[in-house]
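Presented below is the structure to which this report refers.
Protein chains in written order, with our numbering: chain A, 269 to 537; chain B, -18 to 334; chain C, 16 to 559.
The following block contains the structure:
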């Protein structure tokens, strides 16, 4: 977020245009399923919508269509809601650079104010989930253990036990959840970006989502404890086996070489 | 057998047995002859008493370090709280106690070893010694004696002559392990049709595993993923693990137009389809659902199923499609099962058919 | 009593140590035992210590394992957790999982011992693998050591299963997934699969029995057998005396090295402490199997990256790479997609286990071998071994295909296809390349013997030609480089014997002749220089 605010006043329009010209050369495969939240966001200030429309026309329209109706290069944005925009643009996934199995997260090029304006515009296209408030996604007071169980039921199958990420089919992957803003985790669950399924409030309540965020905060942050020592990537037996072979057995063989080596002779004749 | 043996000339010639240890000069006949052990060379420690003293001090230092490390181990055990997390670069936020105990115990042991090996390498004699090998196989006389003894013993037992004894003894020895095998019978019940049924049956509501509330069609939106269990099953139930191992359900909603398989469409409700969460390969809970491709991937062995096409296998080692649960909506508007799974869930087995 | 001691002066009182030894000798005959064994010779080479790494890690596993049994509850009774690990507070779990959490967080030093136990197991299996390969590539499995090779092989296989039953005990989500896989694989066994599964798990999976049953297998049955095999393995090493590499003064009839007392006692005894200390330090700095983040087992939960420990990774690879074949006939299902990998798993290991017998059949050599081969001097064996290891490693990649895919930004499907093809193509390429390399090295050895070592000194001859001066090798080097055995390929012999009667040649004889040719035929080994060749060259080019 610091990065974002630092860039707030950068005259980025030229960069955006350049990136989009590149992006438009390939197909974009990101699709958004219509989210459920039937909460109309028509009360947003029309000013923000107008500003957002301008940004949209420059940055998004080439793939998603001038009215957000979608093209072959990008899905329709009608009904995806402000939360989807905040997640996609806020994590740098959008605007996409190039087509591929999956659009990766990258450097964010819009300021939060611009993202809000874009979100307001897209939200006006059709009702969808709105950006969660801090009260919704804050891990304060949530049940960590319950979050762990929910995480293992709903999330670990793709994102691994502690959110280190994992492989999906044909080059797609579930990204690591390390250093992901709680707001974006919340939005991802709510909107189901790209190939991730959504977990709407009707099946995974706001409280459930908070618990999951609280669990991740404990096991997957910069200062998460790994009592046993080096975490080895948190990937399980593969990295443990590699470490055991290279450092464990490797170190012992080095010791064995020392034990068996001949002691230096007094003089080389 | 003899025809299988290699003729002597195909085997490499045995090297003449040398006087081991004796230094021999290469003779005219064999330029590659064994020159014998090279003469022993002295180490620095062998000729310089000061170097030997240095080695001695090094060994003693290592042993002393080991003692200190053991004291350190005890001190760490007593002094460091078991739940203290400390930051140690580059290891991260780790248990201070585990780190301290591991390092001190490791050092205490390692130094004993290092001391002993340093002692052996620098101060104990390093003159190489030669020891003779003796053929393992017995001399012919010994072999003859043993065979004769055995024959005598066998004869005295009368085993060959008294066939009745021999045969009944073999019979008894063959039968007696059967008791052991029979004893294993009560390890578990017979399979019967246990693998064919789950807790699902007509009218059972689909209960959301996150909220423990029955699901309504409106709860499940296109692109979402929900896990459900049959109504009445509780996490505290003593048979919860066994039941959920078969009944676990994965619910997604597709656009009805996207559903390619006719039966799938017929068994769905407004595009909501319910599939077994248990992989048909070896039973991992499969649920890596890609909402755009409608593929679901198993994290264990990468079997991939297409949920928009009857959950048929499109990649990986699974042999058949995921079983689908027929669902509908009851009078109160809740999703319900219309029957049990029509086929066994989970891994295939011999009697599955 | 004192009158019967062998001290020269009967009035002198023997030192205490001697009196204890006398007492023991009267009952155990220790002096006669020590006479031949106390100064027993062991050759020094780092690769001869790989077996010691295994032995010591095995002892470490037993020591730490006994400690763990004092705190572990092998029970699947469901309990609610209220220990010190916050993120699992109030969760339902089996007693086995809860007690493992207690060992990790509430028993001081428990976490360290758990980690030493698990790291030692990883090192034990890796050590056995490398030790086995050392024995294989140096031909140390040849007569009289075939039985000991089998003992070692059995230890490796039993070690795999002891490891598997061990890491399944905490009943965590990762190992539970592995147990589920095992149950699925058992179900795939034709005819008896469902019965074995019901009996092993005491009913349906997961049931409430398997932890207790695996526990007795893990701490009693398998280690008991292994301990017996280890003792047998060591007795045979002792009895056969260690092999040695060729060199000056080293023959097939002697063994050159340091005596058991004192050097080897200090080195081997010291090495135990080195291994233990090293593994303890590893356990102090690196986490292994952090079950608290894996969570308790639930058959409806799973995490991506579900792998077994490395030694089962090869079996995992076979399972992952296999296409999903399933045959339904006459109301029965043959689950080839799982069953073929199970059979392959056994065959693949069986090939390496039986190799000593295959090779001795091909060579027809019934003599004892105590001098080790350099791998280059047995090109076909070495190439076969490398091919085997290549397949093994490709399957290890297959077992971790998801981790490989995410970390090298590849498609998991491509990685799987690479493994499917590589399992067959990889070993062939490895075989051909290895054999070429071996033959090249043999040729270089031959040149070295005949023409001497390249000295790097360039000399200009009077007529302007530049030559590099070759230094003749020392007698030691000449001997070492020519010490290896070379076989002639077995021949079937003439189809008609000297009396004109047609000889019967059966298929096995033909196969054996073919194999023998593949091992020792003209293109498959470089003839080592003969004394005549050497003399001719050295006399002809004496001015070098």
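Virtual Cβ for every residue (Gly too), placed ideally from N, Cα, C.
- Annotation: residue 468(C) is outside any alpha helix (DSSP H); the continuous beta strand (DSSP E) that includes it extends over 468 to 475.
- Bridge partners of residue 74(B) according to DSSP: 493(A), 68(B).
- Counting C-beta atoms within 10 angstroms of its own C-beta, residue 386(A) has 16 or more neighbours from the protein chains shown and is therefore classed as buried.
- By the Cβ test, the region 187 to 201 of chain B is not in contact with the region 241 to 250 of chain C, since fewer than three Cβ pairs between them sit closer than 8 Å.
- Shortest Cα-Cα distance from residue 333(C) to any of 40(C), 457(C), 207(C), 431(C) involves 431(C).
- Taken in chain order, the members of the region 215 to 233 of chain C whose beta-carbon sits within less than 9 Å of a beta-carbon on chain B are 215, 216, 217, 218, 219, 220, 221, 222, 223, 224, 228.
- Under DSSP, residue 301(C) shares a beta bridge with 498(A).
- In this structure the region 255 to 266 of chain C does not touch the region 46 to 60 of chain B; the number of beta carbon pairs closer than 8 Å is below three.
- Assignment of residue 503(C) by DSSP, reduced to helix, strand and coil, places it in the coil class.
- Rounded to the nearest whole angstrom, the CA to CA distance from residue 96(B) to residue 88(C) is 39 Å.
- Taken in chain order, the members of the region 396 to 427 of chain C whose beta-carbon sits within less than 9 Å of a beta-carbon on chain A are 411, 414, 415, 416, 417, 418, 419, 420, 421, 422, 424, 425, 426, 427.
- Per DSSP, the unbroken alpha helix (DSSP H) holding residue 492(C) starts and ends at 490 to 496.
- Residue 534(A) reaches chain B at 22, 23, 24, 25, 27, 28, 29, counting residues in chain order whose Cβ is nearer than 8 Å.
- Closer than 7 Å at the C-beta level to chain B, one finds these residues of the region 149 to 164 of chain C: 159.
- When CB distances to chain A are screened at a threshold of 7 Å, the residues of the region 64 to 78 of chain B falling below it are 66, 72, 73, 74, 75, 76, in chain order.
- Taking a cut-off of 8 Å on C-beta distances, the region 318 to 333 of chain C touches the region 410 to 420 of chain C, as three or more cross pairs fall below it.
- Close CB contacts of residue 227(C) within its chain, under the 8 Å cut and outside five residues either way in sequence, are with 89, 90, 91 (chain order).
- Interface criterion not met: the Cβ of residue 131(B) is under 8 Å from no Cβ in chain C.
- When C-alpha distances from residue 256(C) are compared across 56(C), 359(C), 418(C), the shortest belongs to 56(C).
- The C-beta separation of residue 310(C) from residue 530(A) comes to about 52 Å, leaving the pair out of contact by the 8 Å criterion.
- At least one CB of chain B lies nearer than 8 Å to the CB of residue 426(A).
- The shortest C-alpha to C-alpha distance from residue 115(B) to any of 231(C), 385(C), 66(C), 408(C) is the one to 385(C).
- At a cut-off of 8 Å between beta-carbon atoms, residue 445(C) makes no contact with chain A.
- The three-state reading of DSSP puts residue 278(B) in strand, counting E and B together.
- Residue 53(B) carries a helical assignment under DSSP once its states are collapsed to helix, strand and coil.
- Counting along the chain, the unbroken alpha helix (DSSP H) around residue 331(C) starts and ends at 325 to 336.
- In this structure, the CA atom of residue 39(C) is about 9 Å from the CA atom of residue 46(C).
- Neighbours of residue 331(B) across chain C, judged by C-beta separation under 7 Å: 205, 206, 208, 209, 347, 348.
- Counting along the chain, the unbroken alpha helix (DSSP H) around residue 383(A) starts and ends at 380 to 393.
- For residue 345(A), the three-state secondary structure derived from DSSP is coil.
- Annotation for residue 212(C): no beta strand (DSSP E) segment contains it, though the alpha helix (DSSP H) segment containing it runs 208 to 216.
- Here the alpha carbons of residue 154(C) and residue 259(C) stand approximately 11 Å from one another.
- Residue burial annotation: residue 315(A) is exposed, with fewer than 16 other C-beta atoms found within 10 angstroms of its C-beta.
- For residue 241(B), no chain C residue has a Cβ inside 8 Å of its Cβ, as the nearest lies near 20 Å away.
- Judged by beta-carbon spacing, residue 224(B) lies beyond the 8 Å limit of residue 305(B), meaning their Cβ atoms are not closer than that value.
- Taking C-beta separations shorter than 6 Å and ignoring five residues to either side along the sequence, the partners of residue 130(C) in its chain run 298, 303, following chain order.
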